[in-house]
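Per UniProt numbering, the very first residue in the sequence shown carries number 1; after that it's consecutive.
Beneath this line is the structure, given in structure tokens, with notes to follow.
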Amino acid sequence: MLKKITTNLLNQLQSAISNLDEQTYSQEIDILGNSSIGQHCRHILSFYECLIDAKHSGFVNYDQRKRLLKIENSPVVANMFIETLKEKLEKVEFSNPITLEGQYGNTSDLNCFKVKSSLERELIANIEHSVHHMAIVRIALRYLKPNFKLDDSFGIASSTIRYQDSQQSEQ
Numbered sequence: 001m002l003k004k005i006t007t008n009l010l011n012q013l014q015s016a017i018s019n020l021d022e023q024t025y026s027q028e029i030d031i032l033g034n035s036s037i038g039q040h041c042r043h044i045l046s047f048y049e050c051l052i053d054a055k056h057s058g059f060v061n062y063d064q065r066k067r068l069l070k071i072e073n074s075p076v077v078a079n080m081f082i083e084t085l086k087e088k089l090e091k092v093e094f095s096n097p098i099t100l101e102g103q104y105g106n107t108s109d110l111n112c113f114k115v116k117s118s119l120e121r122e123l124i125a126n127i128e129h130s131v132h133h134m135a136i137v138r139i140a141l142r143y144l145k146p147n148f149k150l151d152d153s154f155g156i157a158s159s160t161i162r163y164q165d166s167q168q169s170e171q
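Now the structure itself:
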């Protein structure tokens with residue numbers, strides 16, 4: 001089920017960026033702290049790549065993710081990368097335990113952590129993380145291209161969609 005949800009999110013992202021030119025995709029947007037749609041897409045995808053790589057190492061550290069600039073500068077490259085991620089995702093068994101590592105703050109050894117987790121738990125976190133960044137992409141697209149057509153659920157949490165549906169059914 002979680003793989004299907006992830007694939008659906010990645011398909012939504014693919015669909016959206018397939019219709020963007022490189023200039024729009026990589027344009028820095030002042031209301032987003034000068035980040036671009038491409039940077040948010042690369043950020044989403046690099047988290048999934050970290051997680052998928054964790055199946056071999058037994059640990060995941062999102063702070064040490066690869067920052068592939070080609071993904072943030074080209075929607076074509078990003079879409080090819082998404083295809084590769086979806087293929088890899090299908091092969092991962094998500095029940096395995098892993099260790100989540102990270103660091104808070106700017107000092108070298110202070111605030112480091114290691115906690116037990118699982119690939120499945122981390123996939124859930126990545127799903128939520130994706131929706132969050134897709135919401136930012138949605139804002140960026142509304143700002144740059146007000147008439148751009150997105151899937152109605154793009155960047156909206158499933159709990160929000162269920163709540164909105166329940167409110168409409170009560171009216």
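C-beta atoms are modelled at their ideal positions from N, C-alpha and C, and glycine is treated no differently.
Keep in mind the model is a prediction, meaning the values are calculated, not measured.
Scan the segment 34-120 and note each continuous beta strand (DSSP E) run of 3 residues or more that stays entirely inside, going in chain order. Complete beta strand (DSSP E) runs here, min 3: 97-103 and 112-118.
Taking a contact to mean a Cβ-Cβ separation below 8 Å, would you say Ser74 touches Glu22 in this structure? It is a contact, given that the beta carbons lie within the stated cut-off.
Alpha carbon to alpha carbon, what distance is there between Met134 and Thr24? 16 Å
Select from Leu100, Asn126, His40 and Lys55 the residue whose C-alpha is nearest the C-alpha of Arg67. His40
Going by C-alpha distance, which of Leu123, Ile136, Val76 and Ile37 is nearest Glu93? Leu123
Based on Cα-Cα distance, which residue from Lys86, Tyr62, Leu89 and Lys91 lies nearest to Thr99? Tyr62
Contact between the segment 113-120 and the segment 41-50 (3+ Cβ pairs under 8 Å): no
Please confirm whether Asn96 and Gln14 have their CB atoms less than 8 Å apart. Contact flag unset, no.
Tell me the rounded alpha-carbon separation between Thr160 and Lys55. 31 Å
For Ile136, write down the residues that DSSP places opposite it in a beta bridge. According to DSSP, which records beta bridges pairwise, Ile136 is partnered with nothing at all.
For Tyr104, tell me which candidate among Ser35, Gln64, Gln164 and Phe154 has the shortest Cα-Cα distance. Gln64
With distances taken Cα to Cα, identify the nearest neighbour of Ser117 among Thr84, Phe154 and Gly102. Gly102
Which partner residues of Ile29 appear in the DSSP bridge assignment? Ser35
Among the candidates Gly38, Gln168 and Ile136, whose CA atom is the shortest distance from the CA of Ile31? Ile136
Quick check: what's the CA-CA separation for Glu90 versus Gly38? 25 Å
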